[in-house]
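Asks: Below you will find the structure I want to go over with you.
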Amino acid sequence: MSPVLAGVLQLLALIAALALAYRPLGDYMARVYSSEKHYKPEKWIYKAIGANPSAEMRWPAYLRAVLAFSAVSVLFLYGLQRAQGILPGSLGFVAIDPDQAFNTAASFVSNTNWQSYYGEQAMGHVVQTGGLAVQNFVSAAVGMAVAVALVRGFARSRTGELGNFWADLVRGVFRILLPISVLGAIVLVACGAIQNFAGIHEVGQFMGGSQQWNGGAVASQEAIKELGTNGGGYFNANSSHPFENPNPFSNLFEIFLILLIPFALTRTFGRMVGNLRQGYAILATMATIWLGFVALMMWTEFAGNGPAFDIAGGAMEGKETRFGIAASSIFSVSTTLTSTGAVNSFHSSFTGLGGGIQLLGMQLGEIAPGGVGSGLYGMLIMAIIAVFIAGLMVGRTPEYLGKKIGTREIKFAACYILITPALVLGFTAAAMALDTPANSMTNTGAHGFSEILYAYTSGANNNGSAFAGLNADTQWFNSTIGIAMLLGRFLPMVFVLALAGSLAEQKPVPETAGTLRTDKPLYTGLLVGTILIVTGLTYFPALALGPLAEGLAS
Numbered sequence: 002m003s004p005v006l007a008g009v010l011q012l013l014a015l016i017a018a019l020a021l022a023y024r025p026l027g028d029y030m031a032r033v034y035s036s037e038k039h040y041k042p043e044k045w046i047y048k049a050i051g052a053n054p055s056a057e058m059r060w061p062a063y064l065r066a067v068l069a070f071s072a073v074s075v076l077f078l079y080g081l082q083r084a085q086g087i088l089p090g091s092l093g094f095v096a097i098d099p100d101q102a103f104n105t106a107a108s109f110v111s112n113t114n115w116q117s118y119y120g121e122q123a124m125g126h127v128v129q130t131g132g133l134a135v136q137n138f139v140s141a142a143v144g145m146a147v148a149v150a151l152v153r154g155f156a157r158s159r160t161g162e163l164g165n166f167w168a169d170l171v172r173g174v175f176r177i178l179l180p181i182s183v184l185g186a187i188v189l190v191a192c193g194a195i196q197n198f199a200g201i202h203e204v205g206q207f208m209g210g211s212q213q214w215n216g217g218a219v220a221s222q223e224a225i226k227e228l229g230t231n232g233g234g235y236f237n238a239n240s241s242h243p244f245e246n247p248n249p250f251s252n253l254f255e256i257f258l259i260l261l262i263p264f265a266l267t268r269t270f271g272r273m274v275g276n277l278r279q280g281y282a283i284l285a286t287m288a289t290i291w292l293g294f295v296a297l298m299m300w301t302e303f304a305g306n307g308p309a310f311d312i313a314g315g316a317m318e319g320k321e322t323r324f325g326i327a328a329s330s331i332f333s334v335s336t337t338l339t340s341t342g343a344v345n346s347f348h349s350s351f352t353g354l355g356g357g358i359q360l361l362g363m364q365l366g367e368i369a370p371g372g373v374g375s376g377l378y379g380m381l382i383m384a385i386i387a388v389f390i391a392g393l394m395v396g397r398t399p400e401y402l403g404k405k406i407g408t409r410e411i412k413f414a415a416c417y418i419l420i421t422p423a424l425v426l427g428f429t430a431a432a433m434a435l436d437t438p439a440n441s442m443t444n445t446g447a448h449g450f451s452e453i454l455y456a457y458t459s460g461a462n463n464n465g466s467a468f469a470g471l472n473a474d475t476q477w478f479n480s481t482i483g484i485a486m487l488l489g490r491f492l493p494m495v496f497v498l499a500l501a502g503s504l505a506e507q508k509p510v511p512e513t514a515g516t517l518r519t520d521k522p523l524y525t526g527l528l529v530g531t532i533l534i535v536t537g538l539t540y541f542p543a544l545a546l547g548p549l550a551e552g553l554a555s
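Quick note, in our numbering, the sequence shown goes up one by one and the last residue is 555.
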């Protein structure tokens, strides 16, 4: 069987698995977030934190709860890392330096999971399991809660109430993420991923020295790392490490986990707004972009020229032989089109155009299908931009799901899409202009520029994957990428929740003959075009200096 055919069959199997899970999971999540029932363990949590889960919140109160919870999470995770040297189960590792502790705390709380350290050489069991793994759950649940609040903004009318953040957070963790993660961890253990609390083992002599490996609760963290579109792994090699991702089946299963909730949330959206066709339109947009990027990535990685490409059957540099080019391409596209950041291959070793596809996937806003929660609300923001553009073309006040998109709403949407590019391009320009950050680059020229651009694109978009070749464990990069991650995560949420509150206050607008049908293929095409054009106009000059220049020169 040819590698290309094997890749196509894997892609078809993945699509079939996602299609089978789409309807039951999407409907289940809609019931979870619409339920008025509170289970006894959930009531214990509400009592412990002093929250009333039945009290509705307007958008400022919902936002304050999101920010307060996230701020406490940052402080807790920072303190846990700084105290690691005196904690049991630290495996002898010392406390994390202040700048790296800040970077890691910002990273995991913002659902970015950028790692400027070697996991197996820095973090003990308590920090990994009690700190990082916990944030994998709750940071994903925060994104889902904000997405559901925006959906309620479309579904409700003549009220500014968006639900209760504490109820949405707890339900997201205990009714959705935790059960699926338990099942996912069992599958990964069956595939060969490790799950223990063993110490450091010396496994043999290599080139005159010994090699050491840590044990750890890897399978359980790997499951929520992928399911919650987090990305941070136990090991520096991440999902290319056989302890995390042992074989081709586990690789395909991890891609399935990455895409599962982001795609299924479109069904949840359609169910909660009372129009499943609207959910299918968003799903079609996400799927079109994802499939297009997968096809382009496979083409660039299989179609390279030169003796090395001919002998290996494509661009095999930096890819695991047990996965091959096709599976690595699907994983790479899935992880950069979501806010996952997990990698099963060396992104810096992809072809120049392949690296450009990875960058563009993040620069789209990671909305195809995007991160858990953040992908849906990011796509809905772009849907509002698309109907606004359509309204300008026909001279009609834009409407979406029975809500008028007026000056206030379009300002919130515009601010949302401007924040991340400002962070990415601003920090990249500063890093290239100063001597100290540029000294961290392993490569020069277009590829060196791509290293810097990728780092800030990954941080500000809350992805977390790395282009490698860049020494990011410096005070400059730990601090600036940490700031980019926090601002890139929480500033957009301000405008998402403000938009949700504005929409919830409106009364429904009746549909007329002139209303743009947003559940038709024509609108899906308009939405895809809007996403690509807006992103292209924003990032094309930077991409031309980096991956495009490198790709055209090779």
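Quick reminder that beta carbons are idealized off the backbone N, C-alpha and C, glycines included.
As an exercise, report each continuous alpha helix (DSSP H) stretch of at least 4 residues that is fully enclosed by the region 11-63, in chain order.
Replies: 41-50
Asks: Pick from Ser182, Met287, Gln212: whose alpha carbon is nearest that of proline 263?
Replies: The count along the sequence shown starts at 1 and reaches residue 263 at position 262. Nearest option by C-alpha distance: Met287.
Asks: Who pairs with glutamate 400 in a beta bridge, going by DSSP?
Replies: Taking the first residue of the sequence shown as position 1, residue 400 is located at position 399. According to DSSP, glutamate 400 bridges with Lys405.
Asks: Among residues of its own chain, excluding the 5 on either side of glutamate 452, which ones have a beta-carbon nearer than 6 angstroms to its beta-carbon?
Replies: Taking the sequence shown and counting its residues from 1, one reaches residue 452 at position 451. These residues qualify, in order along the chain: Met442, Phe468, Gly470, Leu471.
Asks: Out of curiosity, what's the CA-to-CA distance linking leucine 161 and glutamate 57?
Replies: Taking the sequence shown and counting its residues from 1, the one referred to as residue 161 is at position 160. Taking the sequence shown and counting its residues from 1, the one referred to as residue 57 is at position 56. With the sequence shown as reference, residue 161 is identified as glycine, and leucine is not the correct amino acid for it. Cα to Cα, glycine 161 sits roughly 9 angstroms from glutamate 57.
Asks: Per DSSP, serine 346 forms a beta bridge with which residues?
Replies: Mapped onto the sequence shown, residue 346 falls at position 345. Partner(s): Lys320.
Asks: Near valine 75, what residues of its chain come up, given a Cβ to Cβ distance below 6 angstroms and the 5 sequence neighbours on each side ignored?
Replies: Position 74 of the sequence shown, counted from the start, is the residue given in the question as residue 75. These residues qualify, in order along the chain: Ala106, Val110.
Asks: Which same chain residues end up closer than 7 angstroms to glycine 392 when comparing Cβ atoms and leaving out the 5 residues on each side of it in sequence?
Replies: By one-based count along the sequence shown, residue 392 stands at place 391. Correct list, in chain order: Thr398, Pro399.
Asks: Considering only residues of the same chain and omitting the five flanking positions on each side of leucine 261, which have a CB-CB separation below 8 angstroms?
Replies: Counted from its first residue, the sequence shown places residue 261 at position 260. For leucine 261, where only same-chain residues beyond five positions count, the Cβ hits under 8 angstroms are Leu19, Ala22, Leu26, Ile181, Leu228.
Asks: How would you write the range of the alpha helix (DSSP H) that tyrosine 455 sits in, first residue to last?
Replies: Counted from its first residue, the sequence shown places residue 455 at position 454. DSSP places tyrosine 455 in the uninterrupted alpha helix (DSSP H) bounded by 446-461.
Asks: Who does tryptophan 477 pair with in a DSSP beta bridge?
Replies: Within the sequence shown, numbered from 1, the residue matching residue 477 stands at position 476. Beta-bridge pairing links tryptophan 477 to no other residue.
Asks: Rounding to the nearest angstrom, what Cα-Cα distance links proline 493 and serine 466 in this structure?
Replies: Against the sequence shown, residue 493 aligns to sequence position 492. Against the sequence shown, residue 466 aligns to sequence position 465. Roughly 20 angstroms between the two C-alpha positions.
Asks: At what residues does the alpha helix (DSSP H) containing serine 140 begin and finish?
Replies: Looking up residue 140 in the sequence shown gives position 139. Start and end: 134-156.
Asks: Please go through the region 486-510 and give each complete alpha helix (DSSP H) segment of 4 or more residues, from N-terminal end onward.
Replies: Taking 4 residues as the minimum length, the region 486-510 contains no alpha helix (DSSP H) run wholly inside it.
Asks: If you draw a straight line from the C-alpha of phenylalanine 541 to the C-alpha of valine 495, how long is it?
Replies: As a first step, residue 541 is located in the sequence shown; it is residue number 540 there, counting from the start. As a first step, residue 495 is located in the sequence shown; it is residue number 494 there, counting from the start. Between phenylalanine 541 and valine 495, the C-alpha separation is close to 27 angstroms.
Asks: Given a threshold of 16 other Cβ atoms within 10 Å of its Cβ, counted over all protein chains shown, does methionine 380 qualify as buried or as exposed?
Replies: For the purposes of this step, residue 380 is taken as residue 379 along the sequence shown, with counting starting at 1. By the neighbour-count definition (other C-beta atoms within 10 Å, threshold 16), methionine 380 is a buried residue.
Asks: Go ahead and pull the three-state DSSP assignment for asparagine 252.
Replies: The count along the sequence shown starts at 1 and reaches residue 252 at position 251. Residue state, collapsed to three classes: helix.
Asks: Check whether the Cβ atoms of alanine 194 and alanine 220 sit closer than 9 angstroms, and answer yes or no.
Replies: Within the sequence shown, numbered from 1, the residue matching residue 194 stands at position 193. Within the sequence shown, numbered from 1, the residue matching residue 220 stands at position 219. Cβ atoms of alanine 194 and alanine 220: closer than 9 angstroms.
Asks: Does DSSP classify glutamate 162 as helix, strand or coil?
Replies: Residue 162 sits at position 161 when you count from the first residue of the sequence shown. In this structure, glutamate 162 counts as strand in the three-state DSSP scheme.
Asks: Going by alpha carbons, who is nearest to threonine 230 out of Leu553, Asn463, Glu512?
Replies: What you label residue 230 is simply residue 229 of the sequence shown in a count that begins at 1. Here the closest residue by C-alpha is Asn463.
Asks: Terminal residues of the continuous alpha helix (DSSP H) containing threonine 536?
Replies: Here residue 536 refers to the residue found at position 535 when the sequence shown is read from its first residue. Note, threonine 536: alpha helix (DSSP H), 522-546.
Asks: Mind checking glutamate 203: buried by the 16 CB within 10 Å criterion, or exposed?
Replies: Translated into positions along the sequence shown, residue 203 becomes position 202. Counting C-beta atoms within 10 angstroms of its own C-beta, glutamate 203 has fewer than 16 neighbours from the protein chains shown and is therefore classed as exposed.
Asks: My guess is that alanine 327 and valine 5 are in contact by the Cβ rule of under 8 angstroms, so how many angstroms apart are they, rounded?
Replies: As a first step, residue 327 must be located in the sequence shown, where it is residue number 326. As a first step, residue 5 must be located in the sequence shown, where it is residue number 4. Taking the Cβ atoms as the reference, alanine 327 lies roughly 7 angstroms from valine 5, within the contact range of under 8 angstroms.
Asks: So if DSSP puts tryptophan 214 in a beta bridge, which residue, or which two residues, is it bridged to?
Replies: Residue numbering aside, residue 214 sits at position 213 when the sequence shown is read from its first letter. DSSP, once it has assigned bridges, lists His202 as partnering tryptophan 214.
Asks: Taking C-alpha atoms, which residue in Tyr40, Gly90, Gln129, Phe175 lies nearest to tyrosine 79?
Replies: By 1-based counting over the sequence shown, the position of residue 79 is 78. Ranking the options by Cα distance to tyrosine 79, first place goes to Gln129.
Asks: Out of Ala296, Val147, Thr267, point me to the one whose CA is closest to valine 9's CA.
Replies: Counted from its first residue, the sequence shown places residue 9 at position 8. Ranking Ala296, Val147, Thr267 by Cα distance to valine 9 puts Ala296 first.
Asks: In the DSSP assignment, what residue or residues form a beta bridge with methionine 559?
Replies: The question about residue 559 has no answer here: the residues shown for the chain are numbered 2 through 555.
Asks: Please report the residue range of the alpha helix (DSSP H) in which tyrosine 119 lies.
Replies: Your numbering for residue 119 matches position 118 in the sequence shown. It is not in any alpha helix (DSSP H) - tyrosine 119 carries neither H nor E in the DSSP assignment.
Asks: According to DSSP, is alanine 124 part of a helix, a strand, or is it coil?
Replies: Reading the sequence shown from its first residue, position 123 is the one you call residue 124. The displayed chain sequence assigns methionine, not alanine, to residue 124. In the structure shown, methionine 124 sits in coil (DSSP, three-state: anything other than H, G, I, E or B).
Asks: Looking only at C-alpha atoms, which of Tyr34, Glu223, Pro422 sits nearest to phenylalanine 175?
Replies: For the purposes of this step, residue 175 is taken as the residue at position 174 of the sequence shown. Of the candidates Tyr34, Glu223, Pro422, the one whose C-alpha sits nearest the C-alpha of phenylalanine 175 is Tyr34.
Asks: Just how far apart, CA to CA, sit threonine 536 and aspartate 436?
Replies: Mapped onto the sequence shown, residue 536 falls at position 535. Mapped onto the sequence shown, residue 436 falls at position 435. Cα to Cα, threonine 536 sits roughly 29 angstroms from aspartate 436.
Asks: Could you tell me the boundaries of the alpha helix (DSSP H) in which glutamine 279 lies?
Replies: Taking the sequence shown and counting its residues from 1, one reaches residue 279 at position 278. Segment 277-303, the alpha helix (DSSP H) holding glutamine 279.
Asks: If contacts are defined as beta-carbon pairs under 8 angstroms, then valine 143 and tyrosine 378 qualify, I think. What distance do you get, rounded to the angstrom?
Replies: Your numbering for residue 143 matches position 142 in the sequence shown. Your numbering for residue 378 matches position 377 in the sequence shown. Wrong, their Cβ atoms sit about 12 angstroms apart, outside the cutoff.
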